[in-house]
Amino acid sequence: MLNYEVIHVEKRSLAVVSVRTGNMEGDCREKIGALWGRYFSMGGGGAGPCYCVYTNYHMDDESYDAMVGFETEHCPEGFAAAELPEGDYARFRVHGDVRETAAAAWREIWSMPIPRAYTADFEVYGRTDTGGEADIEIYVALAEICQSCGMPMTRPEQHGTECGGGESRDYCVYCRRGGEFTWDCGMEEMIETNLRHAPEMYGDADRAREAMRRYFPTLKRWRGRAAGS
5 MLNYEVIHVE KRSLAVVSVR TGNMEGDCRE KIGALWGRYF SMGGGGAGPC YCVYTNYHMD
65 DESYDAMVGF ETEHCPEGFA AAELPEGDYA RFRVHGDVRE TAAAAWREIW SMPIPRAYTA
125 DFEVYGRTDT GGEADIEIYV ALAEICQSCG MPMTRPEQHG TECGGGESRD YCVYCRRGGE
185 FTWDCGMEEM IETNLRHAPE MYGDADRARE AMRRYFPTLK RWRGRAAGS
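Just so we're aligned, residue 5 is where the sequence shown starts under the working numbering, counting upward by one.
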């Protein structure tokens with residue numbers, strides 16, 4: 005089983021090329037492989053480490069923008085500027101084939117119960133040796149998850165409050181204030197509210213609804229509830 009350490013990462017500026025893909029697409033690996041080819045053909049892969057970033061997630065179909073690039077404050081022509089957000093990350097360290105090792109690690113990471121923020125996850129590749137192997141660091145953005153609506157809470161102001169005004173560790177500002185829930189609703193109502201207010205996160209509303217019906221009963225407020233309640 006993969007192990008990780010939690011570290012704080014400062015904001016980083018990158019120059020990247022990108023493609024839209026997703027875990028459920030049959031040609032996902034081919035698209036990302038072609039992206040690396042485009043990156044190197046444009047002169048990327050100099051002395052510094054290479055980055056592969058995953059961001060702008062759709063939660064229903066595990067799709068995302070994949071970006072390959074390098075760290076710089078000055079974006080050269082042909083590349084797009086991108087920014088890795090500051091925050092806490094789970095850092096995994098692996099060594100092996102650059103094509104297979106990271107992919108195998110991600111298959112395990114997707115199945116792990118990590119409180120992911122789904123802001124921007126990334127890989128950092130050291131210099132590849134003649135055998136095609138490298139040291140690889142994988143960073144997974146972390147967040148405290150609201151136990152009512154499932155929203156990642158990545159900043160202090162996103163947390164709700166408990167009695168006496170203290171910060172709630174379990175619930176977001178939209179769901180809990182002064183120790184009370186802001187809305188007396190059922191689980192199904194909360195799911196439909198999420199779909200209405202954050203449509204950009206869901207490419208397919210029906211698929212997203214079914215995924216939330218499986219996920220929400222694991223949250224503290226809805227633990228043990230059945231779909232439709």
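Beta carbons are placed, not taken as given, at the ideal position from N, Cα and C, and that holds for glycine.
Is the segment 59-72 close to the segment 204-215, with three or more CB pairs under 8 Å?
yes
Does the beta-carbon of H163 have 16 or more other beta-carbons within 10 angstroms, so that it is buried, or is it exposed?
buried
Are the CB atoms of C54 and Y129 nearer to each other than 8 Å?
yes
Among A121, Y219, T165, E112, which has the Cα closest to the Cα of I195?
Y219
Mapping the DSSP letters down to three states, classify A121 as helix, strand or coil.
coil
Are the segment 171-181 and the segment 114-130 touching, with three or more C-beta to C-beta distances below 8 Å?
no
With 16 other CB atoms within 10 Å as the buried threshold, where does V10 fall?
exposed
Where does L39 sit, in a helix, a strand or coil, going by DSSP?
helix
Buried or exposed: where does M5 fall if 16 or more other Cβ atoms within 10 Å of its Cβ makes it buried?
exposed
Could you tell me if W40 is buried or exposed, where buried requires 16 or more neighbouring beta carbons within 10 angstroms of its beta carbon?
buried
Can you find a C-beta in chain C that's less than 8 Å from the C-beta of R24?
Reference to chain C is not applicable here, since this structure consists of a single protein chain.
Identify whether G169 lies in helix, strand or coil by the three-state DSSP scheme.
helix
Per-residue DSSP class, three states only, for F44
helix
Buried or exposed by the 16-neighbour rule on C-beta atoms within 10 Å, applied to F44
exposed
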